[in-house]
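> Residue numbers (our numbering): -10 to 102.
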């Protein structure tokens, strides 16, 4: 369920992309800018996991469900921490499209085995 009053123009949010065609199409992200601006970057930029996924056979924007899950963070670190918590909770760094665990305090967290 989306927090109240969130839309494509909302800023300072954590979001989830979910592909309705396959189980591998799950991505958690965060943005300080408007979600609309960030989403357009995801769609257009080669090398971004969401853009690559949308280029798979039979995949398109029509198969992508977007959920804005959190907003109104006090600071960048809180937003990035929320993103990390959702990535871990949903395992999207293992079974989804997140290639890493996010960036917090300019340190990249990678899964270790």
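Beta carbons: idealized from backbone N, C-alpha and C, even for Gly.
CB-CB under 7 Å to residue 42, same chain, minus the five flanking residues each way: which ones, in chain order?
The residue given as residue 42 occupies position 53 in the chain shown. For residue 42, where only same-chain residues beyond five positions count, the Cβ hits under 7 Å are 8, 14, 48 and 86.
> Is it the case that the Cβ atoms of residue 6 and residue 77 are separated by a distance below 7 Å?
Walking along the chain shown from the start, residue 6 turns up at place 17. Walking along the chain shown from the start, residue 77 turns up at place 88. No; because the gap between Cβ atoms is not below 7 Å, this pair is not in contact.
> Buried or exposed, going by whether 16 or more other CB atoms sit within 10 Å of the CB of residue 36?
Within the chain shown, the letter at position 47 stands for residue 36. Label assigned to residue 36: exposed.
> Take every Cβ of the segment -7 to 4, pair it with every Cβ of the segment 17 to 24, and state whether three or more of those distances are shorter than 8 Å.
In short, these stretches touch, since the Cβ pair count reaches three.
> Run through DSSP, which three-state label would residue 29 get?
Along the chain shown, read from residue 1 onward, the residue named residue 29 stands at position 40. DSSP places residue 29 in helix when its eight states are reduced to three.
> As a quick exercise: from 30, 12, 10 and 20, pick the residue whose alpha carbon is nearest that of residue 70.
Reading the chain shown from its first residue, position 81 is the one you call residue 70. Measuring from the Cα of residue 70, the nearest candidate turns out to be 20.
> So, at 7 Å on beta carbons, what are the nonlocal neighbours of residue 81 in its own chain, with the 5 sequence-adjacent residues on each side left out?
Position 92 of the chain shown, counted from the first residue, corresponds to residue 81. Here the set comprises 15, 16, 17 and 87.
> What whole-angstrom Cβ distance do residue 3 and residue 72 have, given they're in contact under 8 Å?
As a first step, residue 3 must be located in the chain shown, where it is residue number 14. As a first step, residue 72 must be located in the chain shown, where it is residue number 83. That pair is a contact at about 5 Å.
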